[in-house]
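Colleague: In my numbering, the protein residues as written are 11 to 125.
Idealized CB from N, CA, C, for every residue including glycine.
Right, I'll just put the structure down here and ask away after.
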């Protein structure tokens with residue numbers, strides 16, 4: 011079973027859910043703002059895909075960070091900042107059996123991955 015991590019207000023997450031529904035692919039949805047995100051789960055993601063892949067530089071949360079916070083964002087500080095501000099992460103994060111399948115959503119990438 012695929013778990014799709016994201017936030018309900020994110021248009022990209024909604025598009026991914028619609029794509030999975032249309033493709034009749036079963037998934038479980040996890041809202042990491044509402045349902046939380048454990049340090050252990052995040053550590054696994056960081057190990058698999060790296061902090062830069064998870065970082066959403068185009069989002070409002072990143073743009074609202076102070077210049078100092080943006081400068082101190084690195085491999086050592088990313089986990090703490092992601093847990094403090096989950097919307098700093100690109101969404102959705104598709105995971106199966108603990109393995110990150112994909113970060114973000116583009117229909118052609120989902121076609122290649124799940125088609």
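Going by the DSSP bridge assignment, what does residue 16 pair with across the sheet?
Modeller: DSSP, once it has assigned bridges, lists 41 as partnering residue 16.
Colleague: When we look at the beta-carbon of residue 84 and count the other beta-carbons within 10 Å, is it buried (16 or more) or exposed?
Modeller: Classification of residue 84: exposed, given that the 10 Å Cβ count is below 16.
Colleague: Using CA atoms only, rank isn't needed, just tell me which of 113, 50, 81 is closest to residue 59.
Modeller: Looking at the Cα atoms, 113 is the closest of the given residues.
Colleague: Taking 8 Å as the cut-off, decide whether the C-beta atoms of residue 63 and residue 97 are in contact.
Modeller: No, they are not a contact pair.
Colleague: Considering only the beta carbon of each residue, do residue 104 and residue 111 sit closer than 8 Å?
Modeller: Yes, these two residues count as a Cβ contact at 8 Å.
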